[in-house]
Amino acid sequence: MLRPIRTLAAAAATLLLATACNSAASSSSGDSGDSGDGKGSSTRGVTNDSIKVGGIVSMTTASGYSKKDTDLGAKARFDRANAEGGVNGRKIDYLGAEDDGQDPAKNLAAARKLVQQEKVFAIAPMSSVTFSGSDFLQKQRVPTFGWGTVPPFCGNSYLYGFNGCLVPMPGGTLTQSWPEGLKKVTGGAEGKSVAILANDNDAGTFAIRTYRQSFKAAGYKVTFAKATVPATSVPSDWSAYTKEILRSDGGQAPDVVVSVMQTPYNIGLLTAIKRTGYQGVLTDPTDYDPGLLTRSATKKALDGVHVFLSFQPFEQDNAAMRQFKADIGKAAGKDVPLNMHMMTGYMSADLFLAIADKAGEKLTLDTFQKAADGYADTGTMVGDRSLPKGHKEAFGCGALVQLQDGAYRVSAPFTCYPPIPFA
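The numbering of the sequence shown is our numbering, which starts it at 5 and goes up by one.
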């Protein structure tokens, strides 16, 4: 992990961390104890018949963007695990997710509450672009699972991206699934230009650094790559951004515009670009949500956009996807439109359950970490998983779907690609 960026990400929570770390010192050393019952029930959050787990999710944000269905996805996976008898005889006591409001101080406060007050064994899911609680959770030895799109999921031994590390440190690798999949849309990369825009925050800065390298390595010419859009409010006027982007290829428009932002920003940017008469390819990694299609203005803004997914599309029919859909429906109590947040929560919970199962009947932090360090499986909805490789590398699989006439269609099938070294 790059120390200057990591320092910036934690700056808003420095004073709180100082207090938190004082209390961490006494509790982190005794969490692998054994009560003598053969199950290690003196471990924080673990009893003879239960494992306590909580989540942290940005359910509310200043922009109106919400990841609340991440909580439903986790609940759905935990519910099925419990219905099947739990993990080595223990049921999952899922407390639900704390809302961090996409605020650094609230993210850390949620982490402290779950560990120090609720005494959870693990946090799954953690879904927020603001992960200021990461240092606290690492020091407290709390296994934490989420989407590896922010730096703390890379290089920290207790923090796990369900699809690996997507923003690696030097010495790690970059997944090529987005630009390689996009080649199926653009007919290859030779002679094709790309412009990339992101928010002015830590996640955006890392996105620009990684995707600039990733698209170049795939053969595209990157003519524009900036993290300049304010992260605190959606611009009302996008003209300054569109003018710069659409003149970036020697005064001409690029062949592809890549937006690495959340839905409210994408709607504004993509609508503004379309109004110029732009005929190239538009793509983002966010807007795979049938719920968005209930609003005509949103549906119009996103029509034709190719959305990158780091998991199997819902349109893909196989046993794992059918199980996912059944689990979500049962947890929701009705048929609900599926979205990527549900998958985030579901696969975060799924990786936690897989490792906990491998740890065996005697569940402690030590046995959990030992199981994690040698864990590997194949053919999941995010591809082949392997640890500890996932602390430095992405699992390297992805697909693209395009919104056409109010429905998503697969434009690049779910495929795994070899990663490249991160420079």
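Note that beta-carbon positions come from the ideal geometry of N, C-alpha and C, so glycine has one too.
Buried versus exposed call for residue i [16 or more other C-beta atoms within 10 Å across all chains shown]
i: residue 411; result: exposed
i: residue 232; result: exposed
i: residue 270; result: buried
i: residue 34; result: Model confidence at residue 34 stands at a pLDDT of 40, short of 50, so the residue's coordinates are unreliable; what they give is reported in the following sentence. Per the 10 Å Cβ criterion, exposed.
i: residue 144; result: buried
i: residue 384; result: buried
i: residue 316; result: buried
i: residue 240; result: exposed
i: residue 425; result: exposed
i: residue 338; result: exposed
i: residue 247; result: exposed
Rounded C-alpha distance that separates residue i from residue j
i: residue 327; j: residue 382; result: 17 Å
i: residue 285; j: residue 168; result: 28 Å
i: residue 320; j: residue 48; result: 40 Å
i: residue 325; j: residue 348; result: 14 Å
i: residue 254; j: residue 229; result: 15 Å
i: residue 32; j: residue 120; result: Reliability fails at residue 32, whose pLDDT of 38 lies under 50, so the model's placement of it is uncertain and the value that follows must be treated cautiously. C-alpha separation (whole angstroms): 11 Å.
i: residue 242; j: residue 211; result: 20 Å
i: residue 86; j: residue 308; result: 41 Å
i: residue 159; j: residue 409; result: 42 Å
i: residue 355; j: residue 126; result: 12 Å
i: residue 417; j: residue 198; result: 21 Å
i: residue 205; j: residue 261; result: 20 Å
i: residue 75; j: residue 165; result: 16 Å
i: residue 235; j: residue 53; result: 44 Å
i: residue 117; j: residue 249; result: 44 Å
i: residue 182; j: residue 276; result: 24 Å
i: residue 101; j: residue 196; result: 43 Å
i: residue 43; j: residue 367; result: Low confidence applies to residue 43: its pLDDT is 48, below 50, so where it sits in the model is not reliable, and the reading given next is rough at best. The alpha-carbon atoms of residue 43 and residue 367 are separated by roughly 6 Å.
i: residue 73; j: residue 387; result: 22 Å
i: residue 407; j: residue 70; result: 20 Å
i: residue 266; j: residue 124; result: 30 Å
i: residue 329; j: residue 82; result: 14 Å
i: residue 203; j: residue 108; result: 16 Å
i: residue 135; j: residue 156; result: 7 Å
i: residue 322; j: residue 244; result: 45 Å
Proximity of residue i and residue j at Cβ, strictly below 8 Å
i: residue 400; j: residue 420; result: yes
i: residue 67; j: residue 238; result: yes
i: residue 130; j: residue 103; result: no
i: residue 193; j: residue 223; result: yes
i: residue 3; j: residue 414; result: Since the first residue of the chain shown is 5 and the last is 427, residue 3 is not available in this structure.
i: residue 80; j: residue 292; result: no
i: residue 161; j: residue 60; result: no
i: residue 77; j: residue 122; result: no
i: residue 112; j: residue 150; result: no
i: residue 186; j: residue 273; result: no
i: residue 252; j: residue 227; result: yes
i: residue 178; j: residue 423; result: yes
i: residue 342; j: residue 294; result: yes
i: residue 89; j: residue 365; result: no
i: residue 217; j: residue 427; result: yes
i: residue 380; j: residue 363; result: no
i: residue 303; j: residue 297; result: yes
Inter-residue CB distance, residue i and residue j (contact presumed, cutoff 8 Å)
i: residue 65; j: residue 106; result: 4 Å
i: residue 207; j: residue 180; result: So it is not a contact: roughly 20 Å between Cβ atoms.
i: residue 259; j: residue 371; result: Actually they are not in contact, since the Cβ atoms of residue 259 and residue 371 sit about 51 Å apart, beyond 8 Å.
i: residue 115; j: residue 141; result: 5 Å
i: residue 361; j: residue 171; result: Contact doesn't hold; Cβ gap of about 28 Å is too wide.
i: residue 332; j: residue 346; result: 6 Å
Residue-chain proximity (residue i, chain C), Cβ-Cβ < 8 Å
i: residue 276; result: This model lacks chain C altogether; it includes just one protein chain.
In chain order, each beta strand (DSSP E) run of at least 3 residues that lies wholly inside the stretch 45–108: If we require 3 residues or more, the beta strand (DSSP E) runs fully inside the stretch 45–108 come out as 54–61, 95–103.
Those runs of the beta strand (DSSP E) which lie wholly inside the stretch 304–333 and span at least 3 residues: Runs of the beta strand (DSSP E) inside the stretch 304–333: 310–313.
Start-end ranges of the beta strand (DSSP E) lying completely within the stretch 257–293, minimum 3 residues: Considered as a whole, the stretch 257–293 harbours 260–264, 285–288 as its complete beta strand (DSSP E) runs of no fewer than 3 residues, in chain order.
Secondary structure, beta strand (DSSP E): runs of 3+ residues fully inside the stretch 106–175: If you keep only unbroken beta strand (DSSP E) runs of at least 3 residues inside the stretch 106–175, you get 126–131, 148–150, 163–165.
Every unbroken alpha helix (DSSP H) within the stretch 363–417, with a cutoff of 4 residues, ordered by chain: You should have 369–377.
Runs of alpha helix (DSSP H) lying entirely within the stretch 169–240, each at least 4 residues, in chain order: Whole alpha helix (DSSP H) segments, 4+ residues: 181–190, 206–221.
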